[in-house]
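In my numbering, the protein residues as written are 51 to 456.
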Ligand SMILES: *Cc1c(COP(=O)(O)O)cnc(C)c1O
Ligand SMILES: [Zn+2]
């Protein structure tokens with residue numbers, strides 16, 4: 051296992067932040083001597099683990115994520131292990147062959163950030179760090195604070211004053227994080243770390259941290275394992291900082307390289323219209339991302355104007371024949387109603403996936419004969435501001451007594 055610059059290939063020491071050339075770092079595995087049938091058997095056997103790190107839906111795949119980490123260093127809450135649901139009413143209304151929703155919302159802190167954070171925190175602690183930090187629109191900070199508390203470590207988080215759900219703030223504080231609120235956006239927080247992070251005695255757990263990406267690969271490993279190593283034609287995923295789609299791409303490449311799957315599915319990356327710099331670049335076949343200064347969307351987890359991982363995401367989508375698209379806030383809320391109404395539920399950012407399907411089908415990108423899995427990234431209870439959309443008006447109140455026949 052090596053840590054390399056994604057841009058120039060230079061090898062780096064541990065806990066470096068970015069390469070001198072400005073490139074992001076990446077973990078590179080050699081995966082020698084790994085036999086696909088043996089791996090499948092091992093991953094299957096670990097499904098019966100209860101109290102060991104291998105009961106985690108991340109560490110079950112340790113050989114592909116962080117083979118060198120000693121088991122005793124693992125800080126886990128048995129993250130992953132999330133449900134994969136057929137959303138039959140939504141599938142019927144779209145008229146497609148098969149639709150699955152992978153509920154990363156069921157993670158211990160309520161978002162997929164746990165898949166990556168268990169690895170970043172375990173690794174950082176194993177190399178001697180006791181203080182962990184990130185900037186966040188709320189879910190990364192909640193996840194970081196949870197694992198830091200579990201490991202008896204400290205967390206210091208930077209959270210914008212505005213456009214962050216109060217629930218995520220409360221959750222982060224409840225786990226004991228020291229929180230610094232600031233006037234600015236997530237992008238400003240990232241810039242602060244890029245300029246000053248290296249000089250602080252903090253282990254930074256934003257998605258610039260390559261171990262986060264390694265952990266997030268487990269989402270597609272688990273999806274593949276649940277589907278008996280036959281992935282659907284399409285995987286649809288929301289994008290803000292673009293760490294999740296980057297991890298999805300890297301995970302898929304691992305699966306293909308190792309012979310665990312036979313073909314590469316297509317990936318659709320969805321952004322909210324008000325925060326869609328990556329989609330704009332891809333749609334214009336541009337080479338560089340033009341940051342958006344004031345991103346604005348109801349899907350606060352995707353309210354990011356300058357996504358750090360855009361190069362990795364761009365290369366993966368271009369090489370694999372993936373697509374990008376945008377959805378409006380209204381479409382997000384409408385899709386959220388459908389997902390909630392199925393009994394699955396999610397936060398607004400996650401609903402962008404289902405929202406995009408109608409468009410992708412209408413424009414002929416996704417064929418009705420194809421199969422689709424959408425990644426639901428965050429939990430329904432993450433955002434109670436948005437839940438006010440369900441508040442009952444007078445017209446929907448009813449007379450209980452008459453209902454039960456009195
Ligand atoms: C972080 C997050 C996203 C965006 O993922 P990126 O890796 O930043 O692209 C989407 N939905 C939810 C709920 C999130 O927490
Ligand atoms: Zn470099």
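Each residue gets a CB set at the ideal place from its N, CA and C atoms; glycine is no exception.
Computed from a predicted structure; not experimentally measured.
Point to revise | N-terminal and C-terminal residue of the beta strand (DSSP E) that residue 78 is part of | key: 75–78
Practice item. Put residue 459 into one of helix, strand or coil per three-state DSSP. Key: Residue 459 cannot be examined here, being either before or after the span of the chain that is shown, 51 to 456.
Point to revise | Rounded separation between residue 358 and residue 452 - CA only | key: 58 Å
Check your understanding: Taking the alpha-carbon positions, what's the residue 373 to residue 438 distance?
Key -> 33 Å
Exercise for review: Output the boundary residues of the alpha helix (DSSP H) element that contains residue 376.
Suggested key: Premise fails: residue 376 lies in the beta strand (DSSP E), 373–377, not in any alpha helix (DSSP H).
Practice item. Using beta-carbon positions only, say whether residue 320 and residue 375 come within less than 7 Å of one another. Key: yes
Check your understanding: Taking DSSP as the reference, what is the three-state secondary structure of residue 254?
Key -> strand
Exercise for review: Compute the beta-carbon to beta-carbon distance between residue 422 and residue 283, rounded to the nearest angstrom, for a pair I have assumed lies under 8 Å.
Suggested key: 7 Å
**Study point:** Proximal residues to residue 119 (C-beta, below 7 Å), its chain only, five neighbours per side dropped
**Key:** 172, 173 and 176
Review point. DSSP puts residue 136 in a beta bridge; with which residues?
Key: 150
**Study point:** Test item: CB-CB of residue 459 and residue 185 under 7 Å
**Key:** The chain is shown from 51 up to 456; residue 459 falls before or after that span and cannot be answered.
Point to revise | Supposed close pair residue 215, residue 417 - CB separation, criterion 8 Å | key: That belief does not hold up - the Cβ atoms of residue 215 and residue 417 are roughly 36 Å apart, past 8 Å.
Review point. Per DSSP, residue 287 forms a beta bridge with which residues?
Key: 319
Point to revise | Inter-residue Cα distance where the pair is residue 318 and residue 233 | key: 33 Å
Review point. Less than 7 Å separating the beta-carbons of residue 170 and residue 255?
Key: yes
Practice item. Can you tell me which of the three DSSP states residue 334 falls into? Key: coil
**Study point:** Residue interval of the beta strand (DSSP E) (run including residue 87)
**Key:** From DSSP, residue 87 is part of no beta strand (DSSP E) but of the alpha helix (DSSP H) over 86–95.
Practice item. Please name the residue in 51, 334 and 352 whose C-alpha comes closest to that of residue 427. Key: 352
Check your understanding: Touching or not, the stretch 151–166 and the stretch 122–136, by the rule of three or more beta carbon pairs under 8 Å?
Key -> yes
Check your understanding: When the Cβ atoms of the stretch 194–203 are set against those of the stretch 343–352, are three or more pairs found closer than 8 Å?
Key -> no
Review point. Any heavy atom of ligand 1 within a distance shorter than 6 Å of the CB on residue 294?
Key: yes
Review point. Which one of 99, 114, 86 and 71 has the shortest CA to CA distance from residue 51?
Key: 114
Review point. Where does residue 162 fall in DSSP's three states?
Key: coil
Practice item. Scan the stretch 152–240 and note each continuous beta strand (DSSP E) run of 3 residues or more that stays entirely inside, going in chain order. Key: 181–185, 204–210 and 228–232
Exercise for review: State buried or exposed for residue 217, treating a residue as buried only when at least 16 other CB atoms are found within 10 Å of its CB.
Suggested key: buried
Point to revise | residue 434 (DSSP reduced to helix, strand or coil) | key: helix
Review point. Hey, which residues come within less than 6 Å of ligand 2, measuring from Cβ to any heavy atom, in chain order?
Key: 55, 57, 58, 60, 69, 71 and 73
Review point. Is it the case that the CB of residue 397 approaches a heavy atom of ligand 1 more closely than 6 Å?
Key: yes
Check your understanding: Would the C-beta of residue 158 count as close to ligand 1, meaning under 6 Å from any of its heavy atoms?
Key -> no
Review point. Buried or exposed: residue 433, going by 16 or more other Cβ atoms within 10 Å of its Cβ?
Key: buried
Exercise for review: Return yes when the C-beta of residue 226 is under 6 Å from any heavy atom of ligand 1, and no when it is not.
Suggested key: no
Check your understanding: Nearest to residue 290 by CA position, among 158, 231 and 350, is which residue?
Key -> 350
Check your understanding: If you check the beta carbons only, do residue 389 and residue 401 fall under 7 Å apart?
Key -> yes
Point to revise | residue 274 CB to nearest heavy atom of ligand 1 below 6 Å | key: no
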